[in-house]
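Here the sequence shown stands for residues 23 to 296, numbered as in the numbering used here.
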Amino acid sequence: MALSRLVASYDQLILDLDGCVWIGGEPTPRAPEAIAALREAGKRIAFVTNNSRLGGEEYVRELWGIGVQASAGDVVTVGGAMQHLLAETRGGRTAFVIGTEAMHRHVADAGLKVLNGTDLASRCEVVVLGGTDALTFDDLRVAALAVRRGADLLATSRDPTFPQPDGPAPGTGAILAAVETASGRTGAIVGKPEPQLLLTALDRMGEARTLVVGDRLDADVAAAARAGLDAALVLTGTDPPSREVIEDPDTPTPIAVAENLAAVVLGDGDNRAA
Ligand SMILES: [Mg+2]
Numbered sequence: 023m024a025l026s027r028l029v030a031s032y033d034q035l036i037l038d039l040d041g042c043v044w045i046g047g048e049p050t051p052r053a054p055e056a057i058a059a060l061r062e063a064g065k066r067i068a069f070v071t072n073n074s075r076l077g078g079e080e081y082v083r084e085l086w087g088i089g090v091q092a093s094a095g096d097v098v099t100v101g102g103a104m105q106h107l108l109a110e111t112r113g114g115r116t117a118f119v120i121g122t123e124a125m126h127r128h129v130a131d132a133g134l135k136v137l138n139g140t141d142l143a144s145r146c147e148v149v150v151l152g153g154t155d156a157l158t159f160d161d162l163r164v165a166a167l168a169v170r171r172g173a174d175l176l177a178t179s180r181d182p183t184f185p186q187p188d189g190p191a192p193g194t195g196a197i198l199a200a201v202e203t204a205s206g207r208t209g210a211i212v213g214k215p216e217p218q219l220l221l222t223a224l225d226r227m228g229e230a231r232t233l234v235v236g237d238r239l240d241a242d243v244a245a246a247a248r249a250g251l252d253a254a255l256v257l258t259g260t261d262p263p264s265r266e267v268i269e270d271p272d273t274p275t276p277i278a279v280a281e282n283l284a285a286v287v288l289g290d291g292d293n294r295a296a
């Protein structure tokens with residue numbers, strides 16, 4: 023299958039997962055064929071996600087499940103990036119974690135002592151916050167108290183929502199906003215729009231002409247701009263920006279806007295140079 027002129031001019035692609043490759047586990051139209059065409063043409067591919075619900079290996083299984091070949095080295099999750107940052111800067115400290123089992127593992131594997139479920143939780147030194155659908159009021163209470171007492175607040179993202187088939191669900195940013203509101207302090211972000219995820223992917227792939235494809239201006243396109251990379255915007259997210267917002271000179275500009283990933287890669291959609 024022939025690649026679009028746009029994609030043919032790059033050596034490698036960094037693909038956002040949620041809202042770009044899939045939505046709630048369902049592939050976007052012809053995404054598996056588009057990715058297969060990229061592999062056939064010898065393009066290197068990395069998958070990145072601000073979603074910390076699963077570990078890298080689980081995303082690999084999900085990719086195989088929709089018919090996309092991938093290995094663990096191809097997937098860069100924000101949980102992995104968080105673990106890297108914690109290991110480098112906060113090894114041996116105590117932590118309270120809001121997040122999935124995968125996020126708890128990342129924090130423990132970084133060498134921090136996780137205090138969840140102990141009386142000392144609100145005295146921890148670091149609050150690590152990722153997306154989860156098992157949030158309790160007590161999580162918010164302990165996290166806000168710890169941050170108010172001086173703990174660092176590190177979150178995987180500020181994404182307000184994440185795409186689900188029946189509409190946007192509250193994302194990590196919504197949980198972070200609750201802790202920030204209750205503690206009166208602002209957290210730091212590891213995921214997009216910060217460039218770390220993309221830089222980790224580049225580290226693995228090597229320096230070459232790289233195109234980032236994602237569904238969010240405020241995350242994917244912004245992170246690409248900060249990493250010095252071109253980005254294409256796809257409109258398959260649950261919250262696609264209006265043309266007005268895309269063309270706003272104050273927002274980072276995608277090099278192309280397309281209906282979906284397959285249209286970017288195969289050039290059979292509204293794929294125009296911006
Ligand atoms: Mg996305």
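For each residue, glycine too, the CB sits at the ideal point set by N, CA and C.
How about residue i and residue j: do their beta carbons lie closer than 8 Å?
i, j, result
"LEU157", "ILE197", "yes"
"GLU216", "ALA245", "yes"
"LEU25", "VAL287", "yes"
"GLY289", "LEU28", "yes"
"ALA241", "ASN72", "yes"
"HIS126", "GLN105", "no"
"VAL82", "SER93", "yes"
Drop a sphere of 10 angstroms on the beta-carbon of residue i, count the other beta-carbons inside from all chains shown, and report buried for 16 or more, exposed for fewer.
i, result
"THR258", "buried"
"PRO263", "buried"
"ALA124", "buried"
"VAL169", "buried"
"GLY46", "exposed"
"ARG226", "exposed"
"ARG61", "exposed"
"ARG265", "exposed"
"LEU283", "buried"
"GLU19", "Given that the chain is displayed from residue 23 to residue 296, the structure contains no residue 19 and the question cannot be resolved."
"GLU134", "Looking at the sequence itself, residue 134 is Leu, so the reference to Glu does not match. By the 10 Å Cβ count, LEU134 comes out buried."
"PHE184", "buried"
Nearest CA to the CA of residue i: which residue from the options?
i, options, result
"ALA103", "THR260, THR222, ALA166", "THR222"
"GLU55", "GLY153, SER205, GLN91", "GLN91"
"ALA132", "SER144, ASP33, ALA109", "ALA109"
"GLY89", "PRO185, PRO51, LEU76, LEU224", "PRO51"
"LEU220", "ALA200, PHE69, THR260, ILE277", "PHE69"
"LEU9", "ASP96, ALA165, HIS106", "The shown model of the chain, from 23 to 296, leaves out residue 9, and the question about it has no answer."
"GLY206", "LEU167, ARG180, GLY87, ALA249", "LEU167"
"LEU37", "THR178, THR275, LEU233, LEU251", "LEU233"
"LEU239", "VAL267, LEU251, SER179", "VAL267"
"GLY101", "ALA177, GLY189, PRO276, PRO49", "ALA177"
"ALA280", "MET23, GLY41, ASP33", "GLY41"
"MET23", "VAL98, GLY139, ALA53", "ALA53"
"ALA199", "LEU224, GLY153, GLN186", "GLY153"
Is residue i helix, strand or coil when you go by DSSP?
i, result
"VAL90", "coil"
"ILE277", "coil"
"GLY291", "Confidence at GLY291 is low in this model, with a pLDDT of 46, below 50, so its placement is unreliable and the value that follows should be read with caution. Three-state result, GLY291: coil."
"ASP33", "coil"
"GLU269", "coil"
"LEU198", "helix"
"VAL70", "strand"
"PRO347", "Residue 347 lies beyond the stretch modelled for the chain, which goes from 23 to 296, so this question has no answer here."
"VAL212", "coil"
"THR203", "helix"
"GLY236", "strand"
"ASP188", "coil"
"ALA296", "Because ALA296 carries a pLDDT of 37, less than 50, the predicted location of this residue cannot be relied on, and the following value inherits that uncertainty. Residue state, collapsed to three classes: coil."
"ALA285", "helix"
"ALA143", "helix"
"VAL136", "strand"
Open item on the list: Across the stretch 193-209 and the stretch 108-115, are there enough close Cβ pairs to call them in contact, namely three or more that are closer than 8 Å?
Closed with: no
Task: Sufficient close CB pairs (3 or more, under 8 Å) joining the stretch 140-155 to the stretch 168-179 - done: Short answer: they touch.
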